[in-house]
Amino acid sequence: MTTTTETATTAVTVIARLKAAPGKEQAVREQALALVAPTLAEPGCLSYRPYEDPVEPGSWIVVEEWTDRDAFAAHLKSPHLAAAMAAGPELLTGPPQETVLVRAA
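9 is the number that numbering that gives the first Met the number 0 gives to position 10 of the sequence shown; each next residue is one higher, with no gaps.
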């Protein structure tokens, strides 16, 4: 069995799942797309891709890749994400569910 050892420089992949509140699908779409450019400009961001479920409109998965946990932690404190999170309670059915993964070695 392969084990994973995480170090300070281990790249992380984050999968965030969110669901738009009824009637808020377009607002969530706009917000998700507006986060792409400023997030990609952040130090340590390798990729940031939002995906909408074509079968269940308003259901989103955002796949993020960061050079390390510190870069992801800095993203969580970024002004553009803080603004999006502040709007979250009225736009989403609940808080985003995040899974942080590291590549198995």
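Ideal placement from N, C-alpha and C gives every residue a C-beta, glycine not left out.
Distance from the CA atom of Asp67 to the CA atom of Leu34, rounded to whole angstroms, is 20 Å.
A direct Cα-to-Cα measurement between Val13 and Tyr50 gives close to 13 Å. Under the Cβ criterion (8 Å, minimum of three pairs), the region 90 to 99 does not count as touching the region 36 to 44. DSSP, reduced to helix, strand and coil, places Val35 within a helical segment of the structure shown.
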